[in-house]
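Below is one structure; the comments refer to it alone.
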Amino acid sequence: MSERNLEQQHMELTEMIKRHTLLKGSIKTIIPSLFFFHYSKLTEPQYRVYNPSFCIIAQGKKEILLAQERFEYGSSNYLIASMNLPVVGQVIKASPEMPYLSLKLEFTPNQILEVLNECDLKVKATENARRALFVGQMEASIHDAVIRLVRLLDTPEEIPFLAPLYTKEIFYRLLRGSYGNELAQIAVEDSSTYRIRESIEYIIRHWEQSFRIEDLAEKARMSVSSFHRHFKEITAMSPIQFQKQMRLQEARRILLAESADAADVAYRVGYESASQFSREYSRMFGSPPRADIKKLREKYDLIGNDV
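In structure tokens:
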């Protein structure tokens, strides 16, 4: 595909996202697992757990923090989170004249496995795990498949049949691309990535409960030292730090949504000490719970929930 055609497709994607996001912010489209985002100004840091996702920015720039590691990407890149990861995201380039416009396509390991099997892509289990968040250079073939998927929003009667095909093509193109092996490992049994993914899913399901590293290592069929090393390589944090981020994000959500006492919330999310909860909350969000929630609510009132 020529550079001119690629530029035309990029302009088309920008206009389609803009047209389908008149109510600015984030929307879930009628195509399964496809989301659009439209922000006309820079955002505050947003703490959330990324589901496995493929993300493209049509216009603007975004920064993602995974623990202390920083990822920046724009319209010439794509970003993949191959596992559930607690991250901090922030739009760093946007304006009313040129708003931030992007899309996210969520997926499951089973979808990746299905493409691997149907296309007979041979991937060997690797012992050395890699980071589960990565930024790649956009390729014309990937861009073309995404455009065809998004165009279906204008012909909704075609979505049930064609959307699954175009979605599979996107995953096929990604698996054939620069980070295909890293993506494939989440679906390849016996790879260290696959085994750590199972441990991550366990922590996410039981984040409010205490656990022993020895038990997680045994489930992953690894020694404790090997488990620690692989877990940190994939997530950029230890299992305890991972759980802490999950707990603190959930605590902040509860405090913002309910008129709850910080000490009560601390116990609800698994802390045994309210003072420890307050210290760790302040370390993560920059202020103690009460001050942080007051500041957040004021910002919501000022900007009409468009964050």
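15 is the number that this note's numbering gives to position 12 of the sequence shown; each next residue is one higher, with no gaps. Glycine included, every Cβ here is placed at the ideal spot set by N, Cα and C.
**Prompt:** Candidates T158, E204 and L68: which alpha carbon is nearest M19's?
**Reply:** Selected option, being the one with the closest Cα: T158.
**Prompt:** Where does A84 fall in DSSP's three states?
**Reply:** In this structure, A84 counts as strand in the three-state DSSP scheme.
**Asked** By DSSP, does V227 sit in helix, in strand, or in coil?
**Response** DSSP places V227 in helix when its eight states are reduced to three.
**Prompt:** At what residue ranges does the stretch 67-153 contain a whole run of the alpha helix (DSSP H), taking only runs of 4 or more?
**Reply:** Segments of the alpha helix (DSSP H) lying fully in the stretch 67-153: 112-121.
**Item:** 7 Å CB neighbourhood of I150 in its chain, flanking five on each side removed
**Value:** These residues qualify, in order along the chain: Q12, E15 and L16.
**Asked** Closest to P156 by CA distance: which of I296, S290 and H23 is it?
**Response** In the sequence under discussion, the amino acid at residue 156 is Leu, which differs from the Pro named in the question. L156 has its Cα closest to that of H23, out of I296, S290 and H23.
**Nearest-angstrom Cβ-Cβ length linking I34 and A166, presumed shorter than 8 Å** = Between A166 and I34 the Cβ distance is about 5 Å, and since that is below 8 Å, they are a contact.
**Best match in F38, L259 and E192 for proximity to Y50 [C-alpha to C-alpha]** = For Y50, the nearest C-alpha among the options comes from L259.
**Request:** Run through the stretch 153-178 for me and flag every whole beta strand (DSSP E) of 3 or more residues, listed as ranges in chain order.
**Result:** DSSP runs (the beta strand (DSSP E)) wholly in the stretch 153-178: none.
**Message:** The alpha helix (DSSP H) that contains F288, what's its start and end?
**Reply:** Taken as a continuous stretch (DSSP letters only), the alpha helix (DSSP H) holding F288 covers A277 to F288.
**Request:** Could you tell me whether the stretch 97-114 touches the stretch 46-65, where touching means 3 or more Cβ pairs closer than 8 Å?
**Result:** Counting Cβ pairs under 8 Å, three or more are found: they touch.
**Request:** Could you please give me the residues that DSSP links to L37 through a beta bridge?
**Result:** Per DSSP, L108.
**Prompt:** Over what stretch of residues does the alpha helix (DSSP H) that includes A263 continue unbroken?
**Reply:** It is not in any alpha helix (DSSP H) - A263 carries neither H nor E in the DSSP assignment.
**Prompt:** From L69, Y53, P48 and G28, pick the residue whose C-alpha is nearest to that of S241; which is it?
**Reply:** Residue L69 is the option with its Cα nearest to S241.
**Asked** Nearest-angstrom Cα distance between Q248 and P291?
**Response** It is roughly 15 Å from the alpha-carbon of Q248 to the alpha-carbon of P291.
**Message:** On a Cα-Cα basis, can you pick out the residue from Y205, A239 and A190 that is closest to K125?
**Reply:** Check the Cα spacing between K125 and each of Y205, A239 and A190: the tightest is with A190.
**Request:** Leaving aside the five residues before and after Q140 along the sequence, list all residues of the same chain whose C-beta is less than 6 Å from its C-beta, in chain order.
**Result:** None.
**Of the residues A266, A128 and A132, the one placed nearest F230, counting alpha carbons only** = Distances from the CA of F230 to each of A266, A128 and A132 were compared; the closest alpha carbon is that of A132.
**Item:** Per-residue burial, D264 [other beta carbons within 10 Å of its own, 16 or more giving buried]
**Value:** For D264, the number of other beta carbons within 10 angstroms of its own is below 16, and it is reported as exposed.
**Request:** Pair every Cβ in the stretch 195-202 with every Cβ in the stretch 230-239, then say whether three or more of these pairs are closer than 8 Å.
**Result:** Contact between the stretch 195-202 and the stretch 230-239 is established, with three or more Cβ pairs separated by less than 8 Å.
**Message:** If I measure Cβ to Cβ from K31 and keep anything under 8 Å in the same chain, skipping five residues before and after, which residues do I get?
**Reply:** Counting only residues of its own chain and dropping the five nearest sequence neighbours on each side, K31 has a CB closer than 8 Å to the CB of L37 and F38.
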